[in-house]
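Protein chains in written order, with our numbering: chain A, 24 to 371; chain B, 24 to 371; chain C, 24 to 371.
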């Protein structure tokens, strides 16, 4: 007789396994190198100059070119999956995301999350859990943080409903909540090398930009991207995990694809410093041709020399009319994949 | 009239081209960087912390995080293909594999093999050749070694049969044959960061673990993986090379995929130090969903602080019942892809 | 009412937007690392030892292993696409390509092009533009240069035809126009580690070599390769951009694939130093099995110790008879993808 050990494998947490104030220390720290940077450029049409050239970054007051802000985000996010979203029915939203320090080659990141909210749904079968996640480097400095909330199944339907705690979250980060990287200075910015001439002053609130280009998604690419950040949720890899045999594409892949496509029209929206909110409106699967458009939601000055902040809505689509997003019922149209609200830094 | 030069290309060696004691110095040394490490993480769901984080590695007594032991193995193996297995009918087995030194970014590896056995088959058309391969770094230190044997075709059927030499190989390496990396110390091991709490003492001989997760294989990924190690055998790349138009997936891709999947249940089986044996039971082709299970075959203490050795059987499958492996006829069931027997190091 | 901003996105230049002597400073400088090197090895069966091993490179008189010459070429080429070929009907040719300095990890490259020729076609709808492109490193040293010419559409058919300027270009670079990397010395060359014994003296002008191996192209791989060099022309990525739903594969992908395949027979043709000309004879799409053959066109001695120059014709095909290239009408046969004429350096 052999003994089998289901108990040794991680079957993920269920709704009843979370309590407000729990701190989850996520596993598998990761040291980043030039390899992660190169792969990010191979996986996305990423061309923002600050993340491509050490020379450009130095001219902007940084010691060298950091890894892409979204790469840092994915790296931290990936670590949370086994503890937060392995049994998630839905990834409901993001709030209060802030990039606090650039991440450079050689840095080692780990992640931890605090449960800040919990609410059982009226059906008694599922509930919502809010966590605030922090990415921390080898010097115990927080490099980024964000809140996300997910809907989770209950495993034990008889587990009592917890007292609901719904966190109060900023709908939008104000500009003084944003952290500008130390030393950042765009007063000597090279627009020619950055790829576009449009500066902060050239963008008007309400303006919309169709980013024109499209990329048709292939299975191998989104799997490489997702694994790169050690996100191993099986729906992204295992065609037997979903009834129709398709793989569900990691939402972060769509975020990075849309952001990279937005270079064409927003080449100078260099650094992402705030994530106000985001919704993965509809699932993305391979074969879809992803396009993107942006809307300028707000603008603000900052204290850093030559640096303005711009608040952007970034929408990823697969088909559909340009700039269409919601139907008369207020729901996302079926071709909308992503609706993201973020702050970026731009030369004045 | 133009002259063509078949003689300038490598058509591979045939059975009659090998003699016992021949030493083959394999071509194309390779310097590894952070790029190879990042690609390994993108290609496999690899999460063992020692290979992901410099900080974790230093806490374990190493100078920094090495490249994955299997990446080092593939790198050495790839170099042997043009000289050993270009005309192989079958890759029959492995034995006496030992990892002797961790491989770090900046190291340059080359490989050489000694023919240690030879035996013509009774059909007179094929034969078996045994080679002991060593991977050597830029300081002429052997970083790993293993024996493998392959069945090769004869090109000249009239070539005389050599005197058979069948090497005596250990079926299993004893624990004192294993080399523990200098300085390795798991007495300060961080189980939380490693991802699981199960330590050496928690595993029982005979215990089996279903690693749960699955990955459906895509063509582009296995080709990237195989080329990364400069293994250019055409069956892996050229759909016209096999009658059914499928590509045969490099067996090492299945080894790495299964090992990475085994993180879920064996997250603390950090370092691979011995390869007792292995069989590529059935061919793997794209579209298969690879899963893995392990069985604890043995355990032993080591002289290194906090470090135990665990002998594991790692089985990769594509479908089939959990833990099924051979039929009543003693042959591997059709869904079994890999049956590997290895020693790993684990915190006590 | 929302304002949309087509003006903010780059719709590319048209024929009438070019004038002779214009200098285009291309955007997005790029710092290369070990990541780009590793990806190059994962994407192509590249095995030339000088680009694989720091030790081999040092023995050849270089400080360490450079990134592949073609990787440097693609990196520079990619930057020119938004300014030169976004609206190209056809990429017509290359000439006077020279590699002037090896590119190493840590180098940052930018690119600029000068318009050196222009000629409207008799149909009045298209024209040909010639540019000389230079890749420049962080020390303002030119690392490579080449001329290419493209056929572009006119956007404004009423724009006047410019005075035609057709540059005089060398059909072939003479050996004294080639730049040998400083310090290069093949007098201590290790043929065993390089992979083949054939030296410069073993090749005869007129000799043809069938490189034997083939690689069937996958979508994910050519997109990774093309994006890696920040070439974002939509025909390579967007299946809705072409009527038949196929992606057109970046011609440079075929160049690198063919060059890597040519290792088998030309393992010692280590460094590419000159590009005499090249034609993308027919489009390449995924599913094609790319093979290659070479012809020795010329040979010359150089002043560097142990270093000879060899002029090679490299032909990539998808099917067809070996060594067939043009029909009776003088046009490329349909299975010919690439016809490239280059100088390489080889040990005497």
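Ideal placement from N, C-alpha and C gives every residue a C-beta, glycine not left out.
Check: Applying a beta-carbon distance threshold of less than 8 Å, which residues of chain C neighbour residue 260 of chain B?; Outcome: 68, 236, 237, 238 and 239
Check: Would you tell me roughly how many angstroms separate the C-alpha atoms of residue 349 of chain C and residue 320 of chain C, rounded to the nearest one?; Outcome: 17 Å
Check: Quick one: give me the first and last residue of the beta strand (DSSP E) that residue 143 of chain C is part of.; Outcome: 131-143
Check: Determine the burial state of residue 31 of chain B: buried for a count of at least 16 other Cβ atoms within 10 Å of its Cβ, exposed for fewer.; Outcome: buried
Check: Based on the DSSP output, what are the partners of residue 367 of chain B in its beta bridges?; Outcome: B:295 and B:333
Check: Along chain A, which residues have their Cβ under 9 Å away from the Cβ of residue 257 of chain C?; Outcome: 235, 236, 237 and 238
Check: Return no unless some Cβ of chain A is closer than 8 Å to the Cβ of residue 91 of chain B.; Outcome: no
Check: Just to confirm my understanding: we take residue 264 of chain A, look at its own chain, exclude 5 residues before and 5 after, and list those with CB closer than 7 Å. What are they?; Outcome: 257 and 258
Check: Roughly how many angstroms lie between the CA atoms of residue 216 of chain B and residue 102 of chain A, to the nearest whole one?; Outcome: 10 Å
Check: Counting only runs of 3+ residues fully inside the segment 203-281 of chain A, write out the beta strand (DSSP E) ranges in chain order.; Outcome: 231-233
Check: With a threshold of 8 Å between beta-carbons, can residue 33 of chain C be considered close to chain A, or not?; Outcome: yes
Check: Please report the straight-line C-alpha distance between residue 303 of chain A and residue 106 of chain A, rounded to a whole angstrom.; Outcome: 20 Å
Check: Per the contact definition of three or more C-beta pairs closer than 8 Å, is the segment 147-164 of chain A in contact with the segment 79-89 of chain A?; Outcome: no
Check: Kindly indicate the opening and closing residues of the alpha helix (DSSP H) around residue 181 of chain B.; Outcome: Element bounds for residue 181 of chain B: n/a, residue is neither H nor E.
Check: How many angstroms separate the CA atom of residue 309 of chain A from the CA atom of residue 353 of chain C?; Outcome: 42 Å
Check: Express the C-alpha separation of residue 272 of chain C and residue 242 of chain C in angstroms, rounding to a whole number.; Outcome: 8 Å
Check: Can you tell me whether residue 179 of chain B is buried or exposed, with buried defined as 16 or more other CB within 10 angstroms of its CB?; Outcome: exposed
Check: Output yes if chain C places a C-beta closer than 8 Å to the C-beta of residue 140 of chain B; else output no.; Outcome: no
Check: Identify the residues that DSSP records as bridge partners of residue 304 of chain C: which are they?; Outcome: Answer is none; residue 304 of chain C lacks a bridge partner.
Check: Among residues of its own chain, excluding the 5 on either side of residue 60 of chain B, which ones have a beta-carbon nearer than 6 Å to its beta-carbon?; Outcome: 90
Check: Using the Cβ count rule (16 or more neighbours within 10 Å means buried), how would you classify residue 189 of chain C?; Outcome: exposed
Check: With burial defined as no fewer than 16 other Cβ atoms inside 10 Å of the residue's Cβ, what is the status of residue 177 of chain B: buried or exposed?; Outcome: buried
Check: Is the distance from the Cβ of residue 279 of chain C to the Cβ of residue 317 of chain C below 8 Å?; Outcome: no
Check: Looking at C-beta atoms only, is the number of pairs between the segment 216-236 of chain A and the segment 114-129 of chain A that lie closer than 8 Å three or more?; Outcome: no
Check: In the DSSP assignment, find the unbroken beta strand (DSSP E) run with residue 156 of chain C in it and report its ends.; Outcome: 149-159
Check: Determine the chain B residues that contact residue 60 of chain C at a beta-carbon separation under 8 Å, and present them in chain order.; Outcome: 56 and 58
Check: Quick one: which chain A residues come within Cβ less than 9 Å of residue 209 of chain B?; Outcome: The premise fails here: residue 209 of chain B is roughly 16 Å from chain A at the closest Cβ pair, so nothing lies under 9 Å.
Check: Taking 8 Å as the CB-CB limit, is residue 192 of chain A close to chain B?; Outcome: no
Check: I'd like the list of long-range same chain contacts for residue 283 of chain A, defined as Cβ closer than 6 Å, with 5 residues on each side in sequence excluded.; Outcome: 67, 68 and 69
Check: Taking only beta-carbon atoms, is residue 26 of chain C less than 8 Å away from chain A?; Outcome: Only weak support is given to the placement of residue 26 of chain C: the predicted model assigns it a pLDDT of 49, under 50, and the value that follows is read from those uncertain coordinates. For residue 26 of chain C, the answer is yes, since a Cβ of chain A falls inside 8 Å of its Cβ.
Check: Run through chain B and tell me which residues come within less than 7 Å of residue 242 of chain A, C-beta to C-beta.; Outcome: 241
Check: Is the distance from the Cβ of residue 339 of chain C to the Cβ of residue 281 of chain C below 8 Å?; Outcome: yes
Check: Indicate whether residue 95 of chain B and residue 51 of chain B have their beta-carbon atoms separated by less than 8 Å.; Outcome: no
Check: Figure out for me which residue from B:38, B:138 and B:92 has the closest Cα to the Cα of residue 155 of chain B.; Outcome: B:138
Check: Please state whether the Cβ-Cβ distance between residue 360 of chain A and residue 341 of chain A is less than 8 Å.; Outcome: yes
Check: Between which two residues does the beta strand (DSSP E) harbouring residue 40 of chain A extend?; Outcome: No beta strand (DSSP E) holds residue 40 of chain A; DSSP gives it neither H nor E.
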